[in-house]
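A.B. asks: So the sequence lines, in the order shown, correspond to chains S and H. Under the numbering used here, the very last position in the first sequence is 308; numbers go up by exactly one each time. Under the numbering used here, the very last position in the second sequence is 308; numbers go up by exactly one each time. The C-beta atom is built at its ideal place from N, Cα and C for all residues, glycine as well. Before anything else, here's the structure in question.
There are 2 protein chains.
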Amino acid sequence: MSLLTVGTVAFDTIETPFGRAEKVIGGACTYISWAASYFTHNIHLISIVGDDFPATELAKLKARGVNMDGLRIVKGGKSFFWAGKYHNNMNSRDTLATELNVLADFDPVLPAAARSCKYVMLGNLTPAIQAGVLDQLDGTQRLVALDTMNFWMDTAMEDLKKVLQRVDLLTINDEEARQLSGEHSLVVAAATIHKMGPKYLIIKKGEHGALLFHGDEIFFAPALPLAQVFDPTGAGDTFAGGIMGYLAKTDDTDLENMKRAIIAGSAMASFCVEDFSLNKLQVLTESEISQRMQRFKRIMHFELVD
Amino acid sequence: MSLLTVGTVAFDTIETPFGRAEKVIGGACTYISWAASYFTHNIHLISIVGDDFPATELAKLKARGVNMDGLRIVKGGKSFFWAGKYHNNMNSRDTLATELNVLADFDPVLPAAARSCKYVMLGNLTPAIQAGVLDQLDGTQRLVALDTMNFWMDTAMEDLKKVLQRVDLLTINDEEARQLSGEHSLVVAAATIHKMGPKYLIIKKGEHGALLFHGDEIFFAPALPLAQVFDPTGAGDTFAGGIMGYLAKTDDTDLENMKRAIIAGSAMASFCVEDFSLNKLQVLTESEISQRMQRFKRIMHFELVD
Chain S
3 MSLLTVGTVA
13 FDTIETPFGR
23 AEKVIGGACT
33 YISWAASYFT
43 HNIHLISIVG
53 DDFPATELAK
63 LKARGVNMDG
73 LRIVKGGKSF
83 FWAGKYHNNM
93 NSRDTLATEL
103 NVLADFDPVL
113 PAAARSCKYV
123 MLGNLTPAIQ
133 AGVLDQLDGT
143 QRLVALDTMN
153 FWMDTAMEDL
163 KKVLQRVDLL
173 TINDEEARQL
183 SGEHSLVVAA
193 ATIHKMGPKY
203 LIIKKGEHGA
213 LLFHGDEIFF
223 APALPLAQVF
233 DPTGAGDTFA
243 GGIMGYLAKT
253 DDTDLENMKR
263 AIIAGSAMAS
273 FCVEDFSLNK
283 LQVLTESEIS
293 QRMQRFKRIM
303 HFELVD
Chain H
3 MSLLTVGTVA
13 FDTIETPFGR
23 AEKVIGGACT
33 YISWAASYFT
43 HNIHLISIVG
53 DDFPATELAK
63 LKARGVNMDG
73 LRIVKGGKSF
83 FWAGKYHNNM
93 NSRDTLATEL
103 NVLADFDPVL
113 PAAARSCKYV
123 MLGNLTPAIQ
133 AGVLDQLDGT
143 QRLVALDTMN
153 FWMDTAMEDL
163 KKVLQRVDLL
173 TINDEEARQL
183 SGEHSLVVAA
193 ATIHKMGPKY
203 LIIKKGEHGA
213 LLFHGDEIFF
223 APALPLAQVF
233 DPTGAGDTFA
243 GGIMGYLAKT
253 DDTDLENMKR
263 AIIAGSAMAS
273 FCVEDFSLNK
283 LQVLTESEIS
293 QRMQRFKRIM
303 HFELVD
């Protein structure tokens with residue numbers, strides 16, 4: 003099935019305790035599309051870059067089945083740029099620079115072929131822009147997912163709540179779930195957020211894994227314990243990309259398949275953090291991915307007796 | 003099989019955002035023994051209290067099959083007392099008072115019958131006292147578990163390392179695992195700690211669950227997501243008690259059974275936090291416990307296809 007991905011395609015400069023990566027490829031839509039491309043080759047990417055963005059990188063995405071007709075390349079424009087520095091524990095980071103550049107004028111226009119994509123992943127963007135994308139869809143979608151962050155809760159909560167009514171799956175972190183719902187317990191927060199629209203809620207907890215809430219059902223996937231987390235940048239987007247790619251591939255949004263999708267997303271995220279930028283995500287094989295999904299099975303599986 | 007539990011039997015005064023409990027029953031050994039008593043009725047408790055400790059509470063433990071011959075009751079003495087206040091997120095707390103009282107003279111002497119217990123749970127105590135207990139065992143033990151904390155790493159690291167060489171299972175939290183090993187990655191920390199002695203390592207992460215490390219194998223159990231965490235006091239000891247009770251019941255220390263034991267411990271801990279003190283732990287039924295273990299199965303279970 004077809005997958006629509008909307009979000010940033012950007013440059014990142016990243017400092018971690020293990021090294022520094024200068025002006026490397028980043029952006030939510032980039033990570034989402036790369037992760038999803040291991041599950042489906044029918045992806046429509048919607049984003050905006052300046053003509054400083056390397057054509058070779060766009061060609062690589064195209065070669066993986068990503069349709070780039072919805073990518074606007076602004077002549078003489080500069081691509082979105084983010085710089086950040088991770089602290090020693092890798093769980094917190096400081097933003098050193100955010101240069102919107104061409105992103106300030108991002109007003110996504112969907113090519114005709116993109117409007118009927120059955121699966122839609124709205125990367126973290128202004129809620130009004132996310133809503134603008136939904137306005138252009140043809141209404142035949144099977145599942146619409148949205149990622150957002152505390153910044154939009156602080157500055158555009160009403161817009162966010164409006165777009166949430168139109169969304170099937172929301173991905174946010176634990177503190178954002180608490181802020182959005184006003185509830186400390188994630189169980190109570192999930193019930194509150196379900197009422198806002200999304201029937202599936204995924205709460206991301208970074209190194210502590212992710213929780214899926216659906217009605218009264220809960221599923222938990224740990225993050226894969228790794229000998230070294232090299233760079234967490236893009237892990238959340240890669241996680242979402244793996245989920246949406248898996249859903250587009252299997253075309254099944256029932257709970258049992260959603261669980262598998264989250265394992266697929268967790269596996270992709272575990273690769274993402276093992277190197278800077280897309281270094282690892284660009285060179286994976288299907289067999290590596292399936293072996294890693296099996297590792298999650300081993301880590302989580304137990305049998306009750308009696 | 004028989005289980006030996008060693009640790010504090012105490013009074014706690016606890017303040018949480020949900021209320022206050024004044025001088026209620028607490029202590030690691032109390033929580034461990036109560037949790038274990040739902041799995042085995044062959045428990046030997048080793049501790050010390052003053053004669054201010056209510057005889058009714060001791061009688062309740064006895065009624066659950068806990069042999070109290072190793073409990074020293076000091077005439078005119080006051081029992082160990084701890085007071086703490088939890089912050090809004092329930093993940094951090096301030097200690098408001100620690101009165102060692104009779105615990106200052108705790109020099110455990112094991113009655114003959116306790117020396118051959120096949121499973122041993124050394125609650126958090128001075129490492130030298132934990133070693134003193136091991137000295138009195140008859141050498142026929144199947145598994146010795148030890149709980150400790152950062153305080154002993156700060157003040158008695160050499161003693162702690164010595165006793166760890168004699169232990170099969172160590173339970174500590176994630177920060178303590180990092181402190182003990184000097185490694186940030188829990189995977190690398192676990193490998194380092196295995197070399198110190200314990201072939202099983204359980205890293206407790208509170209609301210984020212627990213990791214079991216055994217050689218190259220990893221098992222992860224989430225904490226049960228709850229609508230309300232009322233009071234986390236004793237959750238770690240209850241977790242350990244559930245594990246050790248389950249092991250004593252099943253007498254099987256293979257990895258697959260260790261996984262079940264951790265689920266048993268996680269189930270018991272999830273009950274513990276639902277009320278102050280032992281309020282919930284004293285009134286459980288076997289069917290409630292087995293249903294809760296099944297809930298962990300539902301939260302963690304998935305099937306891979308292809």
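Just reading off the beta strand (DSSP E) that S/Val146 is part of, what are its end residues?
C.D. replies: The sequence position of residue 146 of chain S within the first sequence is 144, counting from 1. Segment 145-149, the beta strand (DSSP E) holding S/Val146.
A.B. asks: Around the Cβ of S/Asn91, are there at least 16 other Cβ atoms within 10 angstroms (buried) or fewer (exposed)?
C.D. replies: Stepping through the first sequence from its first residue, residue 91 of chain S is reached at position 89. Result: exposed.
A.B. asks: Output, in sequence order along the chain, the residues in the segment 244-272 of chain S whose CB is closer than 9 Å to any CB in chain H.
C.D. replies: Per Cβ criterion, the list reads Thr252, Glu258, Asn259, Lys261, Arg262, Ile264, Ile265.
A.B. asks: Consult DSSP for S/His186 and reduce its assignment to one of helix, strand or coil.
C.D. replies: Here residue 186 of chain S refers to the residue found at position 184 when the first sequence is read from its first residue. Of the three classes helix, strand and coil, the one that applies to S/His186 here is coil, per DSSP.
A.B. asks: Taking the continuous alpha helix (DSSP H) assigned at S/Ser268, which residues delimit it?
C.D. replies: Walking along the first sequence from the start, residue 268 of chain S turns up at place 266. Unbroken alpha helix (DSSP H) run through S/Ser268: 257-274.
A.B. asks: Taking only the alpha-carbon atoms, compute the straight-line gap between S/Gly9 and H/Arg297 and give it to the nearest angstrom.
C.D. replies: Position 7 of the first sequence, counting from 1, holds the residue named residue 9 of chain S. Position 295 of the second sequence, counting from 1, holds the residue named residue 297 of chain H. About 37 Å.
A.B. asks: Tell me, please, whether the CB atom of S/Gln181 is closer than 8 Å to any CB atom in chain H?
C.D. replies: Within the first sequence, residue 181 of chain S is the residue found at index 179, counting from 1. Chain H, which has no Cβ nearer than 8 Å to the Cβ of S/Gln181, makes this no.
A.B. asks: For the segment 256-266 of chain H against the segment 230-238 of chain H, are there 3 or more C-beta pairs whose distance is under 8 Å?
C.D. replies: Contact fails: fewer than three Cβ-Cβ distances are below 8 Å.
A.B. asks: Measure how close the beta-carbons of S/Thr97 and S/Gly79 come, nearest whole angstrom, since I'm counting them as under 8 Å.
C.D. replies: The residue labelled residue 97 of chain S in the question sits at position 95 within the first sequence. The residue labelled residue 79 of chain S in the question sits at position 77 within the first sequence. Actually they are not in contact, since the Cβ atoms of S/Thr97 and S/Gly79 sit about 22 Å apart, beyond 8 Å.
A.B. asks: How about H/Ser187 and S/Gln230: do their beta carbons lie closer than 8 Å?
C.D. replies: Residue numbering aside, residue 187 of chain H sits at position 185 when the second sequence is read from its first letter. Residue numbering aside, residue 230 of chain S sits at position 228 when the first sequence is read from its first letter. For H/Ser187 and S/Gln230, yes; Cβs fall inside 8 Å.
A.B. asks: Using a C-beta to C-beta distance shorter than 9 Å, which residues of chain H count as neighbours of S/Ser187?
C.D. replies: Against the first sequence, residue 187 of chain S aligns to sequence position 185. Residues of chain H passing the Cβ test: Pro227, Leu228, Ala229, Gln230, Val231.
A.B. asks: Can a CB atom of chain S be found closer than 8 Å to the CB of H/His210?
C.D. replies: As a working mapping, residue 210 of chain H is identified with position 208 in the second sequence. Taking Cβ atoms only, chain S reaches closer than 8 Å to H/His210, which makes this a yes.
A.B. asks: How is S/Arg117 classed by DSSP in three states: helix, strand or coil?
C.D. replies: If you number the first sequence from 1, residue 117 of chain S lands on position 115. It is helical.
A.B. asks: Helix, strand or coil, according to DSSP, for S/Ala225 in the structure here?
C.D. replies: Numbered from 1 along the first sequence, position 223 holds the residue referred to as residue 225 of chain S. Coil at S/Ala225, not helix or strand.
A.B. asks: Kindly list, in the order they appear in chain H, the residues whose Cβ is closer than 7 Å to that of S/Lys282.
C.D. replies: Here residue 282 of chain S refers to the residue found at position 280 of the first sequence. Those within 7 Å of S/Lys282 in chain H number zero; the least Cβ separation is about 17 Å.
A.B. asks: Measuring alpha carbon to alpha carbon, tell me which of S/Leu105, S/Asp71, S/Arg74 ends up nearest S/Trp84.
C.D. replies: Position 82 of the first sequence, counting from 1, holds the residue named residue 84 of chain S. For S/Trp84, the nearest C-alpha among the options comes from S/Leu105.
A.B. asks: Helix, strand or coil: which one does DSSP assign to S/Val68?
C.D. replies: Locating residue 68 of chain S in the first sequence gives position 66, counting from the first residue. Strand.
A.B. asks: Quick one: Cα of H/Ile131 to Cα of H/Leu6, how far?
C.D. replies: In the second sequence, residue 131 of chain H corresponds to position 129, counting from 1. In the second sequence, residue 6 of chain H corresponds to position 4, counting from 1. Those two C-alpha atoms are separated by around 15 Å.
A.B. asks: Does DSSP classify S/Leu283 as helix, strand or coil?
C.D. replies: Indexing the first sequence from 1 puts residue 283 of chain S at position 281. In this structure, S/Leu283 counts as coil in the three-state DSSP scheme.
A.B. asks: Going along chain H, which residues have a C-beta under 7 Å from S/Met3?
C.D. replies: As a working mapping, residue 3 of chain S is identified with position 1 in the first sequence. Those within 7 Å of S/Met3 in chain H number zero; the least Cβ separation is about 16 Å.
A.B. asks: I want to see whether chain S comes within less than 8 Å of H/Lys87, judged by CB atoms only; does it?
C.D. replies: Residue mapping note: residue 87 of chain H aligns to position 85 of the second sequence, counting from 1. H/Lys87 does not count as touching chain S.
A.B. asks: Could you please give the first and the last residue of the uninterrupted beta strand (DSSP E) stretch that includes S/Glu17?
C.D. replies: Here residue 17 of chain S is taken as the residue at index 15 of the first sequence, counted from 1. Segment 12-18, the beta strand (DSSP E) holding S/Glu17.
A.B. asks: Identify which residue in S/Thr42, S/Tyr248, S/Gly244 has its Cα closest to the Cα of S/Cys274.
C.D. replies: Locating residue 274 of chain S in the first sequence gives position 272, where the first residue counts as 1. The shortest Cα separation from S/Cys274 among S/Thr42, S/Tyr248, S/Gly244 belongs to S/Gly244.
A.B. asks: Where does H/Leu139 fall in DSSP's three states?
C.D. replies: Residue numbering aside, residue 139 of chain H sits at position 137 when the second sequence is read from its first letter. Here H/Leu139 sits in coil by DSSP.
A.B. asks: Is it buried or exposed, S/Glu160, if we count other Cβ atoms within 10 angstroms and call 16 or more buried?
C.D. replies: For the purposes of this step, residue 160 of chain S is taken as residue 158 along the first sequence, with counting starting at 1. The residue is exposed, with fewer than 16 neighbouring Cβ atoms inside 10 Å.
A.B. asks: Taking just the CA atoms, how far does S/Glu305 sit from H/Glu305?
C.D. replies: Numbered from its first residue, the second sequence carries residue 305 of chain H at position 303. Numbered from its first residue, the first sequence carries residue 305 of chain S at position 303. So the two alpha carbons sit approximately 13 Å from each other.
A.B. asks: State buried or exposed for H/Val307, treating a residue as buried only when at least 16 other CB atoms are found within 10 Å of its CB.
C.D. replies: Reading the second sequence from its first residue, position 305 is the one you call residue 307 of chain H. With fewer than 16 other Cβ atoms within 10 Å, it is exposed.
A.B. asks: When the cut-off is 8 Å and only beta carbons count, does H/Pro224 lie next to chain S?
C.D. replies: By 1-based counting over the second sequence, the position of residue 224 of chain H is 222. Yes - at least one Cβ of chain S is within 8 Å of the one on H/Pro224.
A.B. asks: Which chain S residues are close to H/Lys207, counting only those with a beta carbon under 8 Å from its beta carbon?
C.D. replies: Residue 207 of chain H sits at position 205 when you count from the first residue of the second sequence. Ordered by position in chain S, the residues that pass the 8 Å Cβ test against H/Lys207 are His210.
A.B. asks: Just the Cα atoms here: how many angstroms apart are S/Phe41 and S/Gln138?
C.D. replies: Sequence index remark: in the first sequence, residue 41 of chain S carries index 39 (1-based). Sequence index remark: in the first sequence, residue 138 of chain S carries index 136 (1-based). Approximately 25 Å between the Cα atoms of the pair.
A.B. asks: If I measure Cβ to Cβ from H/Leu249 and keep anything under 7 Å in the same chain, skipping five residues before and after, which residues do I get?
C.D. replies: As a position in the second sequence, residue 249 of chain H is number 247, starting the count at 1. Here the set comprises Tyr121, Leu145, Thr255, Ala263.
A.B. asks: Out of S/Leu171, S/Met270, S/Phe278, which has the shortest C-alpha to C-alpha gap to S/Gly217?
C.D. replies: Numbered from 1 along the first sequence, position 215 holds the residue referred to as residue 217 of chain S. Taking only the C-alpha atoms, the option nearest S/Gly217 is S/Leu171.
A.B. asks: Of all Cβ atoms in chain S, is any one closer than 8 Å to the Cβ of H/Leu213?
C.D. replies: As a working note, residue 213 of chain H is residue 211 in the second sequence. So yes, H/Leu213 belongs to the interface.
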